[in-house]
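Below you'll find the structure, written out as structure tokens, and then a few comments.
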Amino acid sequence: AVAIGANIWTELRGTMAATAWGTYTLPVLLVFASLVSLMVCRHCAEALQGVAVYVAEFIGTFVLVLTVGCCVLAGNATWNPIAIASALMVMIYATGPISGGHLNPAVSFALGLAGKAKWFTVCRYWVAQLAGGLCAAMCYSTIFAPQTAVLAPVAPFAWYYGGLAEVIYTGVLCFVVLNCAASKRNNPADDGNQFYALAIGFVIIAGGYAVGGVSGAAFNPAVALSLDILSLGDGIQWGFAWTLFELFGAFVGVMLFFLVRPEESDGEASTGEGAKLRAECLSEFLGSFVLVLTVGLNVVMASPAVAYSAAASLMCMIYSLGDVSGAHFNPAVTLAVVTSGRSKCSIGRGAAYMCMQAFGAVCAGLLTSLLHGAGPHHDLTFDLGPALGYSAASAGLVEAFYTFVLAYVVLAVATVKPAWPSETTQQSFYFAL
1 AVAIGANIWT
11 ELRGTMAATA
21 WGTYTLPVLL
31 VFASLVSLMV
41 CRHCAEALQG
51 VAVYVAEFIG
61 TFVLVLTVGC
71 CVLAGNATWN
81 PIAIASALMV
91 MIYATGPISG
101 GHLNPAVSFA
111 LGLAGKAKWF
121 TVCRYWVAQL
131 AGGLCAAMCY
141 STIFAPQTAV
151 LAPVAPFAWY
161 YGGLAEVIYT
171 GVLCFVVLNC
181 AASKRNNPAD
191 DGNQFYALAI
201 GFVIIAGGYA
211 VGGVSGAAFN
221 PAVALSLDIL
231 SLGDGIQWGF
241 AWTLFELFGA
251 FVGVMLFFLV
261 RPEESDGEAS
271 TGEGAKLRAE
281 CLSEFLGSFV
291 LVLTVGLNVV
301 MASPAVAYSA
311 AASLMCMIYS
321 LGDVSGAHFN
331 PAVTLAVVTS
341 GRSKCSIGRG
351 AAYMCMQAFG
361 AVCAGLLTSL
371 LHGAGPHHDL
381 TFDLGPALGY
391 SAASAGLVEA
401 FYTFVLAYVV
411 LAVATVKPAW
421 PSETTQQSFY
431 FAL
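Note that full-length UniProt numbering numbers the sequence shown so that position 99 is 99, with each residue one more than the last.
See below:
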């Protein structure tokens, strides 16, 4: 309004400069018009505050799906999961204070099931997320026309292997969201953590490399449906199927969340020693299962980023379960914590942890073997042993040294209180990173 008024004043000044009206009245009118415009804008801003959460979900999902589409059509398979995970992470940090940063209908569904979001809000979030995804799909389809991003099980895997992959890692994603962003203990209202988006985003690095060659690694109905609907010429089928698998994965994630954190559903009734030990043992099982499964799938799928994906899965699960069991997920780490004393972990509890870690690893190994048998490298054998050209002594020395490094770092950063003053925060943000 000020700019338009200034232009009008410039045009009229020559004809009205000689009159008192032109000299005094018009500037007053311009100021008055500016004040009215500011009042109108303020009123509109207040009215829009009610829809800000939906706009945030739309924008965040738009950026995420646009990144996915660009990576699929023009990206590099070695870096695609990192690019997508980074986009998800930054948009969660950006939209989290506004809408919670769901950016995923499966995540909203999980939060609804867990009682962390009202179903009316969940349904509205779905509309915003799907709208953002479809708009992003139209954008990347226009940019890369006539190329299309097709969603389907990756050959030679059958559809049920792809569905299984979507269930597992969508479940992991929702589990991490619930534990890092929605848990009252891990993210208290008066001392919230700052790692929630980092943990959530890095699930994409863990799962993207592990099962990207199985299902396409969507883990998000907004991604699945947007990719599918915009590839009309190739038929619409897998987007809806993947959505059902992803919603089921969200349901599994919610059930596991309540099992490792029974206080979220039962309150004080689940704070006894027996309930605590059960939750801790399940925590060690789940963390070990996800870690070993991610490592195994990266290996049998010949992933270019085995170490990065494995580290991402470990970090996500440590951030999720560190305040439940300590998040050892490794018998060597448990042994180090037990022998360090300080009443951090008793011998009996340590033995229980080790048993659950081994059980989780065996289950993950069997599942990896199943997918390996149906995959592109089913004729290859992946065994454990020294690499070609190295002796068993050399391999053993390296394993011993870096296991020492791992155990030492865990003891130094995860079993001691933060060094900063207590009035700042009680959270340790780096312990899993």
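We put the CB at the ideal spot given by N, CA and C, even for glycine.
Suppose you measure from the CA of G96 to the CA of L388; what does that come to, to the nearest Å?
Distance between the alpha carbons of G96 and L388: 48 Å.
For L433 and K417, the rounded distance between their alpha carbons:
16 Å
On the premise that A110 lies in contact with G253, defined as a C-beta separation below 8 Å, what is that separation, rounded to the nearest angstrom?
In this structure, G253 and A110 form a Cβ contact; the two beta carbons are roughly 6 Å apart against a cut-off of 8 Å.
To the nearest angstrom, how far is it from the Cα of N186 to the Cα of S391?
45 Å
Just to check my reading of the structure: L225 and A149 have Cβ atoms closer than 8 Å, yes? What is that Cβ distance to the nearest angstrom?
With a Cβ gap of about 12 Å, L225 and A149 do not count as contacting.
Select from L370, G360 and G115 the residue whose C-alpha is nearest the C-alpha of F157.
L370
Extract the residue ranges of the alpha helix (DSSP H) inside the region 263-344, only unbroken runs of 4 or more that lie entirely within it.
263-266, 273-300, 306-321 and 331-339
Contact defined as beta carbons within less than 8 Å: I believe A336 pairs with A407. What is the distance between those atoms, to the nearest angstrom?
In this structure A336 is in contact with A407, their Cβ atoms being roughly 4 Å apart against a cut-off of 8 Å.
Should W21 go down as buried or exposed, given a rule of 16 or more other Cβ atoms within 10 Å for buried?
Model confidence at W21 stands at a pLDDT of 47, short of 50, so the residue's coordinates are unreliable; what they give is reported in the following sentence. Result: exposed.
Best match in I200, V154 and G163 for proximity to L173 [C-alpha to C-alpha]
Of I200, V154 and G163, the residue nearest in Cα terms is I200.
By the DSSP assignment, the alpha helix (DSSP H) with G350 in it spans what residues?
I347 to A374
Inter-residue spacing [alpha-carbon to alpha-carbon] between F431 and A414:
6 Å
Please state whether the Cβ-Cβ distance between A128 and V55 is less than 9 Å.
yes
Tell me the DSSP secondary structure of P221 in three-state form.
helix
DSSP on P386, reduced to helix/strand/coil?
P386 falls in the coil class under three-state DSSP.
Below 9 Å between beta carbons: does that hold for G350 and T334?
Contact: yes.
Could you check what DSSP says for D228 in three-state terms: helix, strand or coil?
helix
In three-state terms, what does DSSP make of Q194?
Q194: coil per DSSP, three-state reduction.
Which class does T78 belong to by DSSP, given the choice of helix, strand or coil?
coil
Helix, strand or coil at L151 [DSSP, three-state]:
coil
8 Å contact criterion, which L81 and G208 should meet: CB distance rounded:
Going by the sequence as given, residue 81 is Pro instead of Leu. P81 to G208, Cβ: 3 Å. Contact.
Between which residues of its own chain and A136 is the CB-CB distance below 7 Å, once the five residues before and five after are set aside?
Once the five neighbours on either side are set aside, the close Cβ partners of A136 are F62, V65, L66, G69 and S226.
Buried or exposed by the 16-neighbour rule on C-beta atoms within 10 Å, applied to F289:
buried
Assuming F58 and A131 make a contact with CB atoms under 8 Å, what is their CB distance in whole Å?
6 Å
Assuming T170 and A250 make a contact with CB atoms under 8 Å, what is their CB distance in whole Å?
6 Å
Which of the three DSSP states, helix, strand or coil, is assigned to F251?
helix
Under three-state DSSP, which class holds N179?
In the three-state reduction of the DSSP assignment, N179 falls in the helix class.
Between the beta-carbon of E284 and the beta-carbon of S325, is there less than 9 Å?
In this structure, E284 lies near S325, with their beta-carbon atoms less than 9 Å apart.
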